[in-house]
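In the working numbering, the protein residues as written are 5 to 306.
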Amino acid sequence: MIRIGLIALATALAAAAVPGAALAWGDEGHEVIGTLAYKRLTPKARKAVDALLARDNDALTKPDFTSRTTWADKYRDSDRSSTQLRYLATRQWHFVDVEIDGGSLDAACFGRPALPDGTAASAGPAEACVVDKLVQFKQELADPATPAAEKTLALKFIMHFVGDIHQPLHASDHQDRGGNAVAVEVPPSTRQSNLHAYWDTYLVQRLGTTVAAAAANVRQVITKSKVQAWSGGTIDDWAGESFAQAKATAYDFQGEKTFVDDHGGTGELLDANYEARALPVARQALAKAAVRLANLLNEVFR
Ligand SMILES: [Zn+2]
Numbered sequence: 005m006i007r008i009g010l011i012a013l014a015t016a017l018a019a020a021a022v023p024g025a026a027l028a029w030g031d032e033g034h035e036v037i038g039t040l041a042y043k044r045l046t047p048k049a050r051k052a053v054d055a056l057l058a059r060d061n062d063a064l065t066k067p068d069f070t071s072r073t074t075w076a077d078k079y080r081d082s083d084r085s086s087t088q089l090r091y092l093a094t095r096q097w098h099f100v101d102v103e104i105d106g107g108s109l110d111a112a113c114f115g116r117p118a119l120p121d122g123t124a125a126s127a128g129p130a131e132a133c134v135v136d137k138l139v140q141f142k143q144e145l146a147d148p149a150t151p152a153a154e155k156t157l158a159l160k161f162i163m164h165f166v167g168d169i170h171q172p173l174h175a176s177d178h179q180d181r182g183g184n185a186v187a188v189e190v191p192p193s194t195r196q197s198n199l200h201a202y203w204d205t206y207l208v209q210r211l212g213t214t215v216a217a218a219a220a221n222v223r224q225v226i227t228k229s230k231v232q233a234w235s236g237g238t239i240d241d242w243a244g245e246s247f248a249q250a251k252a253t254a255y256d257f258q259g260e261k262t263f264v265d266d267h268g269g270t271g272e273l274l275d276a277n278y279e280a281r282a283l284p285v286a287r288q289a290l291a292k293a294a295v296r297l298a299n300l301l302n303e304v305f306r
């Protein structure tokens, strides 16, 4: 067990070192959500979704539903080290950084401006939060007047953003860029990572070392009563739930020790007690995201 844990951690930390990898659930988290959500689609919704994805030959990811859940990250990062056009235009759409101490959804969503008339959501202003982008893309997907190419984009952004909004550190901030600026170590390893990457990648890999294994693990918490409980609520509510989990769990370092590195920097040592509190929260967040992604698509393609 310890050995598997260390391998998972090494992989998680290696992934976190890749630019971009630390800014969302890692690919594995999104693919777990995609795997579970696809199985929950009604035949009608599945047919509509498959048709929209089939007409898409974008090479940034493989064309299947599960792979396409990672597309928005690949798109954002595709020119991150060159022109940064896509990067700067879509970077902020992946989160809603509500400040832990006294923040508001309104402030984190730039005052929540409406999409300018005649503007496609995929071409909307860079200053928009994940909550408002989900609302906009959902409207487009449901509107028969939306051109097919824009519908496919809307679908791919939705498939990713429903995942992102459920990652607690995508819905909160403590003046640390959603935990990206909080250094962490997971003893006994002394390799440094950050809190955001710990939640994006490390916890997902603790649920299973492959997408299929993690998905099977997460599926166990999707019960009938939970599905019912998770099926109400607005997209604003989803962000509120993630924020509450960040406050109660992700940023709760009670009982954790801190470390000081060679440069005098400090960070949190996230031990087994922290993981024991965090893992069920991450597991439920992935389950909720899968159920809600399927619900949203089933509702749109009724
Ligand atoms: Zn993302």
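Glycine residues also receive a C-beta, built at the ideal position from the N, C-alpha and C atoms.
Checklist entry - Is the CB-CB distance between residue 94 and residue 80 below 8 Å? => result yes
Next on the checklist: So, does the region 169-180 touch the region 197-204, judging by three or more C-beta pairs under 8 Å?
Outcome noted: yes
Checklist entry - Taking the DSSP output, what are the residues bridged to residue 272? => result 188, 262
Item to check | Exposure label - residue 229; buried when at least 16 CB within 10 Å | outcome: exposed
Checklist entry - Residue range of the alpha helix (DSSP H) that residue 135 falls in? => result 134-146
Next on the checklist: Between the alpha carbons of residue 295 and residue 234, how many angstroms are there, rounded?
Outcome noted: 8 Å
Next on the checklist: Considering only their Cβ atoms, is the gap separating residue 273 from residue 36 smaller than 8 Å?
Outcome noted: no
Next on the checklist: Short of 7 Å in beta carbon distance, which residues of its chain neighbour residue 301, apart from the five on each side in sequence? Order them along the chain.
Outcome noted: 45, 49, 53
Next on the checklist: Rounded to whole angstroms, what is the Cα-Cα separation between residue 99 and residue 131?
Outcome noted: 11 Å
Item to check | Exposed unless 16 or more other CB atoms sit within 10 angstroms - verdict on residue 260 | outcome: exposed
Checklist entry - Around the Cβ of residue 205, are there at least 16 other Cβ atoms within 10 angstroms (buried) or fewer (exposed)? => result buried
Checklist entry - Do the region 280-290 and the region 210-219 meet, that is, are 3 or more Cβ pairs less than 8 Å apart? => result yes
Next on the checklist: Closer than 7 Å to a non-hydrogen atom of ligand 1 - does that hold for the CB of residue 200?
Outcome noted: no
Checklist entry - Measuring CB to CB, does residue 169 end up less than 8 Å from residue 76? => result no
Checklist entry - Would residue 160 pass as a contact of residue 84 if the rule is Cβ separation under 8 Å? => result no
Next on the checklist: Please tell me whether, using a cut-off of 7 Å, the distance from the CB of residue 170 to the nearest non-hydrogen atom of ligand 1 is below it.
Outcome noted: no
Checklist entry - Between which two residues does the alpha helix (DSSP H) containing residue 169 stretch? => result 152-169
Checklist entry - Residues in its own chain within less than 6 Å of residue 317 by CB, not counting five upstream and five downstream? => result Outside the shown range of the chain, which is 5 to 306, sits residue 317, and nothing can be said about it.
Next on the checklist: Is residue 76 a contact residue of ligand 1, with contact defined as CB to any heavy atom under 7 Å?
Outcome noted: yes
Next on the checklist: By the three-class DSSP mapping on this structure, what secondary structure does residue 71 have?
Outcome noted: helix
Item to check | Which of helix, strand or coil DSSP assigns to residue 299 | outcome: helix
Next on the checklist: Are there any heavy atoms of ligand 1 lying less than 7 Å away from the beta-carbon of residue 98, as far as the coordinates show?
Outcome noted: yes
Checklist entry - For residue 246, does the three-state DSSP call read helix, strand or coil? => result helix
Checklist entry - Does DSSP put residue 21 in a helix, in a strand, or in coil? => result A caution first: residue 21 carries a pLDDT of 40, below 50, which makes its placement in the model unreliable, though a value can still be read off. Three-state DSSP puts residue 21 in a helix.
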